[in-house]
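Just remember that our numbering sits 79 ahead of the position in the sequence shown, which is counted from 1. Where is the CB? At the ideal position from N, CA and C, for every residue including glycine. These numbers come from a predicted model, not from an experiment. The structure appears below as structure tokens.
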Amino acid sequence: MTVQAAPADSDAPTVDRSRRHFLETAGLAGVATVGLPFALSACRQPDAPDMPQNLATAATSLPKRHEISPGQLDEYYGLWSGGHSGEVRVLGMPSGREIKRIPVFNRCAMSGWGQTNESKAILGTRADGTMKYTTGDTHHVHASYTDGTYDGKYAWVNEKIHGRIARIRLDTFECDKITEIPHIQGFHGIFPDKRDPVKAEVNHTTRVFCGSEFAIPQPNDGRDLDDPTKYYSVFSCVDAETMEVRWQCKVKGNMDLVATSFSGKLAAANQYNVENGAMLADMMSAERDACVFFNVARIEQAISDGRFYTLSDSKVPIVDGTPEKNTDPKTALTAYVPVPKNPHGVNASPDGKYFICAGKLSPTATVIDVAAVERWFEGEVPEIAQTIVAEVELGLGPLHTAFDGRGNAFTTLFLDSQIVKWNVEKAIAFYKGDNNAAYVVDRLDVMYQPGHLNASMSETREADGKWLITGCKFSKDRFLPVGPLHPENEQIIDISGEKMQLIADHPVWPEPHDFIVMRRDIVKPRQIYDLAEFPNAVKESRVVREGRKVTVHLISVAPSFSLPEVRVKKGDEVTVILTNMDKVEDLTHGFALPKYDVNFIVNPQETKSVTFKADKPGVYWFYCSHFCHALHLEMRSRLLVEA
Ligand code: CUK
Ligand code: CUA
Ligand code: CA
Numbered sequence: 080m081t082v083q084a085a086p087a088d089s090d091a092p093t094v095d096r097s098r099r100h101f102l103e104t105a106g107l108a109g110v111a112t113v114g115l116p117f118a119l120s121a122c123r124q125p126d127a128p129d130m131p132q133n134l135a136t137a138a139t140s141l142p143k144r145h146e147i148s149p150g151q152l153d154e155y156y157g158l159w160s161g162g163h164s165g166e167v168r169v170l171g172m173p174s175g176r177e178i179k180r181i182p183v184f185n186r187c188a189m190s191g192w193g194q195t196n197e198s199k200a201i202l203g204t205r206a207d208g209t210m211k212y213t214t215g216d217t218h219h220v221h222a223s224y225t226d227g228t229y230d231g232k233y234a235w236v237n238e239k240i241h242g243r244i245a246r247i248r249l250d251t252f253e254c255d256k257i258t259e260i261p262h263i264q265g266f267h268g269i270f271p272d273k274r275d276p277v278k279a280e281v282n283h284t285t286r287v288f289c290g291s292e293f294a295i296p297q298p299n300d301g302r303d304l305d306d307p308t309k310y311y312s313v314f315s316c317v318d319a320e321t322m323e324v325r326w327q328c329k330v331k332g333n334m335d336l337v338a339t340s341f342s343g344k345l346a347a348a349n350q351y352n353v354e355n356g357a358m359l360a361d362m363m364s365a366e367r368d369a370c371v372f373f374n375v376a377r378i379e380q381a382i383s384d385g386r387f388y389t390l391s392d393s394k395v396p397i398v399d400g401t402p403e404k405n406t407d408p409k410t411a412l413t414a415y416v417p418v419p420k421n422p423h424g425v426n427a428s429p430d431g432k433y434f435i436c437a438g439k440l441s442p443t444a445t446v447i448d449v450a451a452v453e454r455w456f457e458g459e460v461p462e463i464a465q466t467i468v469a470e471v472e473l474g475l476g477p478l479h480t481a482f483d484g485r486g487n488a489f490t491t492l493f494l495d496s497q498i499v500k501w502n503v504e505k506a507i508a509f510y511k512g513d514n515n516a517a518y519v520v521d522r523l524d525v526m527y528q529p530g531h532l533n534a535s536m537s538e539t540r541e542a543d544g545k546w547l548i549t550g551c552k553f554s555k556d557r558f559l560p561v562g563p564l565h566p567e568n569e570q571i572i573d574i575s576g577e578k579m580q581l582i583a584d585h586p587v588w589p590e591p592h593d594f595i596v597m598r599r600d601i602v603k604p605r606q607i608y609d610l611a612e613f614p615n616a617v618k619e620s621r622v623v624r625e626g627r628k629v630t631v632h633l634i635s636v637a638p639s640f641s642l643p644e645v646r647v648k649k650g651d652e653v654t655v656i657l658t659n660m661d662k663v664e665d666l667t668h669g670f671a672l673p674k675y676d677v678n679f680i681v682n683p684q685e686t687k688s689v690t691f692k693a694d695k696p697g698v699y700w701f702y703c704s705h706f707c708h709a710l711h712l713e714m715r716s717r718l719l720v721e722a
């Protein structure tokens with residue numbers, strides 16, 4: 080299959096053809112170990128001649144529509160992953176104002192996440208009560224669906240380092256469950272299903288699919304260390320409600336990003352390492368990698384028929400989805416669509432018709448017809464490669480694609496530091512041979528080296544084509560310098576017209592990879608917690624001793640704690656359970672205990688607890704650390720530890 084060149088587009092900035100094609104040259108193998116890391120890094124400064132065009136636009140005719148006046152609310156919620164900060168953030172869009180940080184895989188000094196007993200139970204602890212992991216790397220946030228659009232119930236986020244998936248309740252914007260997935264490493268892409276593939280009446284999310292990026296020995300217990308040909312990766316299905324792993328599917332090669340079809344029948348992951356290489360050069364040796372499709376109903380049928388295996392002490396059923404075992408389309412569990420060289424990103428178009436894989440090392444995007452893949456599984460399409468309906472050139476380093484709901488796709492070009500807007504149907508026509516189909520609609524320089532991008536409601540049937548956000552990996556000169564570590568630069572782009580218009584820059588703390596932008600009417604957040612949801616809620620304040628264990632049942636009502644003093648003995652194990660009985664919106668209290676390293680907050684009608692050893696005799700004032708009242712400073716009591 081040949082790659083077709085971009086049609087001439089008089090409005091688009093001129094393109095340096097020789098530079099644009101450098102990755103296609105036969106020299107690629109030669110630069111694999113030396114040249115490519117430099118070529119793929121951000122060493123290239125933005126081309127000076129390209130810049131003034133956009134900067135001039137920015138300086139002279141900036142629309143101000145994104146600015147939200149005091150007292151006004153944003154139109155959209157943005158859910159941002161926090162990368163190696165381990166958290167998730169909530170931004171208002173289009174203002175870009177950060178409203179909340181949701182601690183997930185990190186320890187939060189303000190809220191007590193990772194210190195309270197309740198959060199530790201979600202995070203997982205070792206036998207000594209300490210957190211099992213204290214690091215996390217979140218990449219992808221996606222939300223639950225009903226009828227092909229967001230229903231405002233849950234969001235999920237993956238954690239790459241240790242292979243965990245977390246769920247966030249969108250009524251409280253708090254993490255309520257974390258699952259560690261067995262047999263995986265470098266857990267990267269996730270995507271919820273959009274309806275059930277079997278039961279037609281179930282039109283909401285019931286599964287979350289998880290790709291894993293690094294192949295490992297199975298089981299990873301010290302065997303096969305030096306034989307990477309025996310390493311492999313598994314694709315996982317997690318139950319959206321119980322958060323248990325339902326099943327896994329062994330694949331050839333690795334997985335990167337994940338997408339799901341609107342029919343509910345298919346999930347897919349792009350693969351950059353079908354070679355199963357353990358070294359960089361090996362991972363780039365094949366001309367084509369793949370996008371692997373999973374036939375969800377067939378996999379679940381195979382499991383109910385008992386055609387699965389298990390590994391180690393895990394009970395999760397695993398099916399074999401390798402190509403050798405899936406040669407007959409009519410029984411195949413998987414289909415491997417060949418996609419050029421180390422693709423990154425797979426995105427489902429909001430009309431439900433296409434999956435688009437960005438080429439990364441190939442300057443192309445590959446458009447796969449989803450219905451054709453479903454027909455391949457019925458034996459009606461002879462060759463899986465025939466499901467590709469376009470493979471068109473976009474620019475250097477294509478990574479991720481978003482949509483405006485009007486037939487246009489927007490793809491980030493990491494190396495070109497650009498976003499390219501292109502028309503999908505025209506790209507298909509061009510690929511079929513219509514040389515007049517000018518599929519590139521517009522190009523916009525961004526600052527600099529964009530990774531993910533997403534548009535308002537882009538991942539749903541209700542993609543509205545208003546705002547596009549791009550996460551630039553490098554900010555360089557865009558903000559006041561603050562030493563060697565730079566923030567990243569998130570740019571807000573107006574996509575309501577034919578031309579993209581850069582609206583605003585926002586510095587962000589490293590490193591959001593991905594984000595979604597959801598209409599605000601979809602989310603129905605609560606203002607206070609429900610006391611009944613906390614089995615340990617304190618009804619009556621008291622101190623209970625059982626041997627060396629002391630439980631302090633404490634209530635906070637502004638501006639005081641219910642006990643003026645608490646007396647314990649040196650060596651006691653003390654558990655403080657604190658319920659905030661205030662019912663007033665926004666009335667949060669804190670509990671800070673000097674020298675014992677305790678700090679957490681309780682929101683209205685919420686209960687939390689912390690356990691520590693009273694190993695230091697003396698007087699310790701525990702105080703409210705969250706400004707709550709005119710007498711906030713007076714809101715303090717004594718912990719008296721007897722020698
Ligand atoms: S990955 Cu970071 S830019 Cu983890 Cu979604 Cu593509
Ligand atoms: Cu309670 Cu400050
Ligand atoms: Ca490869």
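DSSP, read as helix, strand or coil, puts T308 in helix. For I595 against L249, the beta-carbon gap comes to about 11 Å, at or over 8 Å, which does not count as contact. Within 7 Å of the C-beta of A637 there is at least one heavy atom belonging to ligand 2. Non-local beta-carbon contacts of I244 in its own chain, meaning distances under 8 Å to residues more than five positions away in sequence, involve W235, V236, N237, E238, I257, T258, I260, F266, I269, V287, C289, V317 and M322 in chain order. DSSP places S383 in the helix class (H, G or I) of the three-state scheme.
Closest by C-alpha distance to Y510, out of M536, Q497, P529 and Q465, is Q465.
The closest CA to that of D216, considering only F184, T225, N352 and M362, is found on F184. At a Cβ-Cβ threshold of 8 Å, E292 and M334 count as neighbours. Residue list for ligand 3: Y351, N352, V353, E354, M362, M363, S364, A365, D368, K420 and N421 (CB closer than 7 Å to any heavy atom, chain order). For D368, there is no enclosing alpha helix (DSSP H); the enclosing beta strand (DSSP E) has its first and last residue at R367 to N374.
Residue pairing for W546: DSSP places it in a beta bridge opposite D573.
For R599, the three-state secondary structure derived from DSSP is helix.
Relative to the non-hydrogen atoms of ligand 1, the Cβ of H218 comes within a distance shorter than 7 Å of at least one. Between H283 and D230 a beta carbon distance of about 6 Å is seen, short of the 8 Å cut, so the two are scored as contacting.
CA-CA distance, Y702 to A722, rounds to 22 Å. According to the DSSP assignment, S198 belongs to no beta strand (DSSP E) but to the alpha helix (DSSP H) extending over N196 to L202. With contacts defined by Cβ atoms closer than 8 Å, Y388 and I463 do not form a contacting pair. For D361, the secondary structure class from DSSP, reduced to helix, strand or coil, is helix. Beta-bridge analysis with DSSP links I257 to A245.
The closest heavy atom of ligand 2 lies 7 Å or more from the beta carbon of F679. In this structure, the C-beta of M714 approaches ligand 2 to less than 7 Å from one of its heavy atoms. Comparing alpha-carbon positions, the option among F434, T443, G438 and M536 lying closest to A450 turns out to be F434. For L475, the distance from the CB to the nearest heavy atom of ligand 1 is not below 7 Å. The Cβ neighbour count for F341, taken over all protein chains shown within 10 Å, is at least 16; the residue is labelled buried. At least one heavy atom of ligand 2 is found less than 7 Å from the C-beta of F706.
Under the 10 Å beta carbon count, G332 is surrounded by 16 or more other beta carbons and is classified as buried.
Membership of A506 in the alpha helix (DSSP H) is indicated by the continuous run V503 to K511. Residue state for V471 is assigned as strand, using DSSP reduced to three classes.
Taking all protein chains shown into account, A709 has fewer than 16 neighbouring C-beta atoms within 10 Å of its C-beta and is therefore exposed. Residue environment analysis places E538 among the buried positions, since at least 16 neighbouring C-beta atoms fall within 10 angstroms of its C-beta. Contact between the segment 577 to 597 and the segment 633 to 643 is absent: fewer than three C-beta pairs spanning the two stretches fall below 8 Å. The Cβ-Cβ distance between N355 and A294 falls below 8 Å. E403 sits in a helix when the DSSP states are folded into three classes.
According to DSSP, residue pairing for A348 in a beta bridge involves V337 and V371. Annotation: the continuous beta strand (DSSP E) that includes E292 extends over R286 to F293. About 5 Å separates the beta carbons of L610 and Q684, which is inside the 8 Å limit, making them a contact pair.
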